[in-house]
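Note that the numbering used here has the sequence shown beginning at 285, numbered continuously upward. The C-beta atom is built at its ideal place from N, Cα and C for all residues, glycine as well. None of the values given here were measured: they were computed from a predicted structure.
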Amino acid sequence: MTKSTTGAEYCPESIPASPVAGTTGQGLAFELDPMIASGNATLSPASSLIGNYTSSVSLANLQGYGNLKGTYVDVISDKCNESYGSYSDSNDFRYPHSDERFAEVMSYYHGNRFRSELAASSSLLPASTFLMIANCNVKDNAYYSPPYGSQPPFLCMGYSSTYSATTSFSDDAEVIYHEMQHGVTGHAYSMSEDFNKLNFDEAGTMNEAISDFVALMQSDAALVSPFANTDFSRWSLGQFFSTNSERGASKCPLWAAGYSGGCTYFNKSASGFSSLNRYVSFSYPDGLGWPYAGPATGATLKSVYQDPYASFEEIHQAAPVFSGALFDIFLAIKASSGDGPATKRRLIRLVVETIKTLPKYSVSNPSPVTMPLFATSLLSVASGSTAGTFSGSEQTAMSSALSARGLTNLTSIADGWAAKGPGGIAVQAGTFYYETASTSGVRNYKMSPGDTGMLWFDVMNSQSTTAAAPLLKVTISDSTKATFVNNLAKNPGYINSTTAFVRYSKINGSAIVTAMNTGSAAQQTGITNSYFGPAVGAGVVPFGVNQDTALYVSIPSGAGTGSSVTFTVEVDTANKTSATSSVTFPVTIQ
Numbered sequence: 285m286t287k288s289t290t291g292a293e294y295c296p297e298s299i300p301a302s303p304v305a306g307t308t309g310q311g312l313a314f315e316l317d318p319m320i321a322s323g324n325a326t327l328s329p330a331s332s333l334i335g336n337y338t339s340s341v342s343l344a345n346l347q348g349y350g351n352l353k354g355t356y357v358d359v360i361s362d363k364c365n366e367s368y369g370s371y372s373d374s375n376d377f378r379y380p381h382s383d384e385r386f387a388e389v390m391s392y393y394h395g396n397r398f399r400s401e402l403a404a405s406s407s408l409l410p411a412s413t414f415l416m417i418a419n420c421n422v423k424d425n426a427y428y429s430p431p432y433g434s435q436p437p438f439l440c441m442g443y444s445s446t447y448s449a450t451t452s453f454s455d456d457a458e459v460i461y462h463e464m465q466h467g468v469t470g471h472a473y474s475m476s477e478d479f480n481k482l483n484f485d486e487a488g489t490m491n492e493a494i495s496d497f498v499a500l501m502q503s504d505a506a507l508v509s510p511f512a513n514t515d516f517s518r519w520s521l522g523q524f525f526s527t528n529s530e531r532g533a534s535k536c537p538l539w540a541a542g543y544s545g546g547c548t549y550f551n552k553s554a555s556g557f558s559s560l561n562r563y564v565s566f567s568y569p570d571g572l573g574w575p576y577a578g579p580a581t582g583a584t585l586k587s588v589y590q591d592p593y594a595s596f597e598e599i600h601q602a603a604p605v606f607s608g609a610l611f612d613i614f615l616a617i618k619a620s621s622g623d624g625p626a627t628k629r630r631l632i633r634l635v636v637e638t639i640k641t642l643p644k645y646s647v648s649n650p651s652p653v654t655m656p657l658f659a660t661s662l663l664s665v666a667s668g669s670t671a672g673t674f675s676g677s678e679q680t681a682m683s684s685a686l687s688a689r690g691l692t693n694l695t696s697i698a699d700g701w702a703a704k705g706p707g708g709i710a711v712q713a714g715t716f717y718y719e720t721a722s723t724s725g726v727r728n729y730k731m732s733p734g735d736t737g738m739l740w741f742d743v744m745n746s747q748s749t750t751a752a753a754p755l756l757k758v759t760i761s762d763s764t765k766a767t768f769v770n771n772l773a774k775n776p777g778y779i780n781s782t783t784a785f786v787r788y789s790k791i792n793g794s795a796i797v798t799a800m801n802t803g804s805a806a807q808q809t810g811i812t813n814s815y816f817g818p819a820v821g822a823g824v825v826p827f828g829v830n831q832d833t834a835l836y837v838s839i840p841s842g843a844g845t846g847s848s849v850t851f852t853v854e855v856d857t858a859n860k861t862s863a864t865s866s867v868t869f870p871v872t873i874q
């Protein structure tokens with residue numbers, strides 16, 4: 285085989301036009317990741333011993349061209365200018381871990397393994413061979429890219445900037461499974477619109493949670509002590525960064541009280557939370573946004589909540605509540621059936637068929653998919669036949685798991701619960717956080733003619749029950765005084781110049797506020813019943829003030845100083861009694 289004159293020395297110049305080998309090959313790979321393969325929970329990505337823990341594996345479903353192109357996946361490499369790297373006319377791909385082509389073999393082995401499971405589950409989406417880029421030239425990330433124009437969907441498996449000489453994201457099979465599931469979710473939902481629309485919405489969180497859940501199911505059979513089958517990506521997310529970024533399906537965070545004992549205090553009510561006792565329950569909605577890992581063991585809830593980088597609305601971080609509920613279903617049905625592999629395939633199909641039923645974007649609700657809606661849809665699909673047959677006891681187990689996590693049987697919040705919070709129309713300094721300076725060139729954090737900036741609306745909850753999945757529809761009373769910026773990258777909830785949507789994570793009720801402010805002043809979190817609440821310390825912005833929760837607004841240059849404009853906020857929730865709640869925010873142009 286002629287070698288390429290570009291890219292790595294091993295890159296073939298061309299691939300035969302006709303098959304030269306069989307459909308099965310041999311390779312070296314990790315069963316899941318170097319930690320699992322070694323049995324060493326403290327193995328470092330910097331270790332020179334990582335390569336000692338590979339195993340011989342069979343590479344099935346090859347097309348026989350001497351490369352890693354198969355029926356289900358097609359692996360290329362950025363080391364070979366997005367072309368093939370591995371080549372053997374005898375299908376011998378047993379590269380040592382120190383060889384860059386090992387990442388290609390890991391990608392093929394686990395990609396083919398996962399998509400074979402999808403086929404067995406009647407859920408092979410997309411149906412065509414799936415493109416994977418090993419040694420993808422992106423640092424500290426792996427991602428799925430949906431189809432765009434003539435570009436097919438593909439998976440990019442990047443590298444660690446800290447440990448680039450010793451490991452990559454391809455060494456973590458759970459990341460491969462996670463990213464490939466994104467492709468399944470996107471194809472099942474819609475080929476023309478995104479599953480998640482807003483910068484933060486629950487569909488975006490569920491997109492991440494479903495991928496975590498499916499990766500955990502796919503890995504379950506290989507997990508042995510001391511590794512927990514509820515923890516996702518212990519290798520790359522757990523080791524590649526300065527802070528542990530693992531996620532998972534446990535009922536409480538790794539750093540909180542009770543994790544090692546099974547989170548026995550877990551409860552979907554406020555009793556499952558306590559700043560005094562360091563209790564956090566991954567239940568809906570109060571448990572949304574707390575990090576699964578990262579803080580030091582023994583960290584106070586106050587220190588975690590008041591961290592300026594807390595990112596409670598970040599969709600990955602908010603995922604454990606939903607992934608946990610789905611994994612609880614898997615564990616229950618696996619236990620009753622005694623058949624983990626079959627349970628996995630049945631639940632993959634159930635999730636995919638449920639996704640197909642979910643509502644799409646409309647101008648009246650651009651973010652229609654919430655966790656409770658998905659939960660009820662899942663139960664409905666399970667009671668029918670489109671996803672196969674689930675027994676009455678299995679449906680009961682599903683219902684119990686979802687209810688225990690708070691995703692069904694929600695406590696309703698009384699109509700009229702919402703009021704204007706103490707932060708008013710913004711909780712940064714002044715009232716307006718500028719993206720650009722005003723026509724006067726002075727940035728005074730006030731709405732002045734010619735300004736363009738970000739706004740947040742501090743909505744307060746007067747009830748004991750937390751407002752779940754609050755979707756804010758904001759309307760402007762006078763377009764000559766203010767308009768929303770027509771830019772979907774900034775305002776993904778933009779409808780027209782005077783109407784836009786944004787979703788917040790949750791607005792606390794008094795029950796969770798009380799639970800999270802028990803103990804001494806050093807323990808009390810400072811959580812309040814308004815979304816943003818007061819600033820928690822000098823130089824620390826209040827919870828939730830970020831681009832995910834902002835709306836971008838322009839003040840026309842002709843707006844008169846001293847004139848007024850009103851922002852009306854209608855808040856819809858997943859647990860409303862019957863009606864949305866309205867709050868008005870009048871503003872004077874200054």
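Would the beta-carbon of residue i fall within 9 Å of that of residue j?
i: S565; j: N551; result: yes
i: S651; j: E486; result: yes
i: T759; j: E854; result: yes
i: Y836; j: M682; result: no
i: G582; j: R562; result: yes
i: A313; j: Y393; result: yes
i: L753; j: G793; result: According to the sequence shown, residue 753 is Ala rather than Leu. Cβ atoms of A753 and G793: not closer than 9 Å.
i: A344; j: S400; result: yes
i: Y815; j: F716; result: no
i: T833; j: N491; result: no
i: S866; j: F768; result: no
i: L439; j: Y427; result: yes
By alpha-carbon positions, which one of the options ends up nearest to residue i?
i: P900; options: V635, L657 and I632; result: Past the boundaries of the shown model lies residue 900; the chain is included only from 285 to 874, so the question cannot be answered.
i: S621; options: I760, F674 and T638; result: F674
i: K481; options: P329, L755, Y356 and E463; result: L755
i: P569; options: G734, L415, Y788 and L585; result: Y788
i: V304; options: L316, L346 and P431; result: L346
i: T812; options: V743, A766 and A292; result: V743
i: P431; options: N396, Y461 and S474; result: S474
i: D762; options: S684, I417 and V849; result: V849
i: G846; options: V871, E492 and L663; result: V871
i: S648; options: S804, A387, A499 and I779; result: I779
i: I639; options: I494, A499 and A795; result: I494
i: T660; options: S558, F596, T641 and S553; result: T641
i: S367; options: A292, A457 and L316; result: A292
Using the Cα positions of residue i and residue j, report the straight-line distance between them to the nearest angstrom.
i: Y447; j: R633; result: 37 Å
i: D358; j: M464; result: 13 Å
i: A301; j: Y349; result: 8 Å
i: A411; j: G542; result: 44 Å
i: Y593; j: L560; result: 23 Å
i: D876; j: A806; result: The structure shown does not extend to residue 876, since the chain spans only 285 to 874, so no value can be given for it.
i: S340; j: P380; result: 11 Å
i: N528; j: G522; result: 5 Å
i: S454; j: L686; result: 33 Å
i: Y718; j: F386; result: 48 Å
i: G672; j: G624; result: 16 Å
i: S517; j: C295; result: 30 Å
Where does residue i land, buried or exposed, given buried means 16+ other C-beta within 10 angstroms?
i: P575; result: buried
i: T286; result: A caution first: T286 carries a pLDDT of 49, below 50, which makes its placement in the model unreliable, though a value can still be read off. Exposed, by the Cβ-count rule.
i: K618; result: buried
i: Q679; result: exposed
i: G668; result: exposed
i: Q435; result: exposed
i: G844; result: exposed
i: L333; result: exposed
i: N859; result: buried
i: G578; result: buried
i: S520; result: buried
i: S452; result: buried
i: K757; result: buried
i: P510; result: exposed
i: N421; result: exposed
Would you say residue i faces chain C, with C-beta separation under 9 Å as the test?
i: V853; result: Going by chain labels, chain C is absent from the structure shown, which holds only one protein chain.
**OP:** Can you check the segment 494 to 539 for any alpha helix (DSSP H) of at least 4 residues that lies completely inside it and give the ranges in chain order?
**Re:** 520 to 523
Original post:
Which ranges does the alpha helix (DSSP H) cover as unbroken runs of at least 4 residues, wholly within the segment 303 to 362, from first to last along the chain?
Top reply: 318 to 322
Inset, instruction - Note down, one range per segment and in chain order, each beta strand (DSSP E) of at least 3 residues found wholly within the segment 411 to 494. - result: 414 to 418, 426 to 429 and 438 to 441
Which runs of the alpha helix (DSSP H) fall wholly inside the segment 547 to 603 and span at least 4 residues, in chain order?
585 to 589
Extract the residue ranges of the beta strand (DSSP E) inside the segment 761 to 841, only unbroken runs of 3 or more that lie entirely within it. 778 to 780, 783 to 787 and 835 to 838
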